[in-house]
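Residue numbers (my numbering): 502 to 677. Below is one structure, written out as structure tokens; comments come after it.
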Amino acid sequence: NWNDEEQRVVRLTGEAFFNVTKTGQKFFVLTDDLVIEVLGTSFNVNTHHDETKVFLEHGQVRLNFDSAQEAILMEPGDLVTYSQKTQIPRKIRSEPQEMISWRAGYVNLDATLEEILQKVNEIYGLDYEINVEQPATTFTIPIPIDSYETMFAALEKLIELRGLTIRRKGDKLIVE
502 NWNDEEQRVV
512 RLTGEAFFNV
522 TKTGQKFFVL
532 TDDLVIEVLG
542 TSFNVNTHHD
552 ETKVFLEHGQ
562 VRLNFDSAQE
572 AILMEPGDLV
582 TYSQKTQIPR
592 KIRSEPQEMI
602 SWRAGYVNLD
612 ATLEEILQKV
622 NEIYGLDYEI
632 NVEQPATTFT
642 IPIPIDSYET
652 MFAALEKLIE
662 LRGLTIRRKG
672 DKLIVE
């Protein structure tokens, strides 16, 4: 219900996908780390783990930083990560299915064991503990968003292939 002269501003904590039609009104998404100026586009924003990740699917966005960083104009396929702690933006090319798969009900990961457990924490709210030396390799796994049982079974099989075990104790997953 914004009028034509009013700037549209959304404050985001967590993750959201935006599909914004260019209307002549300015549209901004604010996170703890940066201000995203929307220029008519489709993009994903994730603000977990003291870091903001912006993936541009279509159109253009400009990232404006609170620090003295120069603004970044993003192109489709760009992924920019930024944290106020480091104040160093990182821009890479990324595959859309990796960044927006959660819209289809799963998160497709190619990540370290700890990164996978961080994502499980985001989705299911489960803490984790790793009581072994972590494998130096990455794992590829789709994590369903709405089925803890399916996620746990897939993660258990993946971890067993590395000679490790995983169990749940209350609200914590323990890898040994």
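Ideal placement from N, C-alpha and C gives every residue a C-beta, glycine not left out. Because the structure is a prediction, the values reported are computed rather than measured.
Just the Cα atoms here: how many angstroms apart are S568 and Q588? Spanning the two alpha carbons is a distance of roughly 7 Å.
Contact defined as beta carbons within less than 8 Å: I believe L535 pairs with L564. What is the distance between those atoms, to the nearest angstrom? That belief holds up - the Cβ atoms of L535 and L564 are roughly 5 Å apart, short of 8 Å.
I'd like the span of the alpha helix (DSSP H) that includes T651, first residue to last. Y649 to E661
So, at 6 Å on beta carbons, what are the nonlocal neighbours of P577 in its own chain, with the 5 sequence-adjacent residues on each side left out? L557 and H559
Check the C-beta distance from R509 over to K527 and give it rounded, since I have them as a contact under 8 Å. That belief holds up - the Cβ atoms of R509 and K527 are roughly 7 Å apart, short of 8 Å.
Cβ-based burial, T542 [other Cβ within 10 Å; buried from 16]: buried
Pick out whichever of L531, I573 and Y583 has its Cα sitting closest to the Cα of D551. Y583
What does DSSP give as the partner residues of N545 in its beta bridges? Looking at the DSSP output, N545 sits in a beta bridge with F518 and F556.
Tell me whether the beta-carbon of V676 lies closer than 8 Å to the beta-carbon of I644. no
Could you tell me which residues DSSP pairs with V633 in its beta bridges? For V633, which the question treats as bridged, DSSP gives no partner whatsoever.
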